[in-house]
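Q: Below is a structure I'd like to ask you about.
Numbering (this note's numbering), first residue to last: 58 to 369.
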């Protein structure tokens, strides 16, 4: 009965986001001042512009016309939530614009994360669009005070849709999932394609000498999620970890004579305990609060098994 409950629980939570949001001001509602004219900085801290490509901030508090919402110099678009959003030139020849933000916490090694954002194609030029946008995660702040071209890194996530963005009145949801290597602390959004290789899709008859794509961006979020994808293999593993759900203690046995390490994380990704053992051990969990936890068992400094434990 316990095994059936465990398998049912894993199936239930494998697609549910169980982590906290890691992107500060992802809805672009907090601002240091109302946008008023073009600037080398954006007013929605802690977001920054990492290159000399000048991304834009729009808010209803701005003077009507240039950088206000819903009506501005690039078209008409209500914010998906609240009153503000940002905009970037996705590509224009080899010109690019990006948005960068420090995350609220470093990412945990071997944990899965889901990034989500919403795009809207501006009305100013609807001859071209794209169905891709990149997300790059770094452990250090990236700045380039000289270039306004493509940032020469490989993004961990390419958020895609099956068709190009053509909606100029609504918002298109974009999502992507990736596994962190660990310690990533900054997020950059934009097109990272090398020069002259941007994923451009022509929508109508060409009237401009070179393609230009401009996207509004709103409601950016990043959350850690369950990575469980193969429930059948868990029941047949050489690892026995019980009981689950647990109360006062967790017992672990592994059919090997190597040095193993078990780590237990809470829903925020914070490591709450670790134990090194050979073959078998038990962990006293009387002081562990009720809730849902991730566990990871490592062997030879490599992640060997990950899963979910419940205390009730």
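Every residue gets a Cβ at the ideal spot worked out from N, C-alpha and C, and that includes glycine.
Taking residue 336 as the reference, which of 351, 311 and 358 has the closest Cα?
A: For residue 336, the nearest C-alpha among the options comes from 311.
Q: Taking 9 Å as the threshold (C-beta atoms), are residue 174 and residue 186 in contact?
A: No; because the gap between Cβ atoms is not below 9 Å, this pair is not in contact.
Q: Just tell me which of 281, 146, 273 and 113 has its CA closest to the CA of residue 228.
A: Nearest of 281, 146, 273 and 113 to residue 228, Cα basis: 273.
Q: In chain order, what residues of the same chain lie with their CB nearer than 8 Å to the CB of residue 152, ignoring the 5 residues before and after it?
A: Once the five neighbours on either side are set aside, the close Cβ partners of residue 152 are 110, 146, 205 and 206.
Q: Would you call the region 113-129 and the region 234-252 touching, i.e. three or more CB-CB distances under 8 Å?
A: Contact between the region 113-129 and the region 234-252 is absent, because fewer than three Cβ pairs lie under 8 Å.
Q: Would you mind sorting residue 285 into buried or exposed? The rule is 16 or more other CB atoms within 10 Å of its CB.
A: Note that residue 285 has pLDDT 46, beneath the 50 cutoff, so the model's placement of it is unreliable and the number below is only indicative. Its Cβ being crowded by 16 or more others within 10 Å, residue 285 is buried.
Q: Since residue 163 and residue 86 are thought to touch, with beta carbons under 8 Å apart, how far apart are those beta carbons, to the nearest angstrom?
A: 25 Å between Cβ atoms; not a contact.
Q: Are the region 359-368 and the region 324-335 touching by the rule of at least three beta carbon pairs closer than 8 Å?
A: As far as the Cβ criterion goes, the region 359-368 does not touch the region 324-335, which means the pair count is below three.
Q: In chain order, what residues of the same chain lie with their CB nearer than 7 Å to the CB of residue 338, ignoring the 5 residues before and after it?
A: Around residue 338: 309 and 332.
Q: Please report whether the beta-carbon of residue 277 lies at a distance below 9 Å from any beta-carbon of chain B.
A: Annotation note: the requested chain B is absent from the structure, which comprises a single protein chain.
Q: What do you reckon, are the CB atoms on residue 322 and residue 237 nearer than 9 Å?
A: No, the Cβ-Cβ distance between residue 322 and residue 237 is not below 9 Å.
Q: Using the three-state DSSP reduction, which class does residue 275 fall into: helix, strand or coil?
A: Strand.
Q: Would DSSP call residue 355 helix, strand or coil?
A: Reduced to three states, the DSSP call for residue 355 is strand.
Q: Near residue 132, which residues of its chain fall below 8 Å by C-beta distance, leaving aside the five closest residues on each side in sequence?
A: Here the set comprises 179, 180, 181 and 225.
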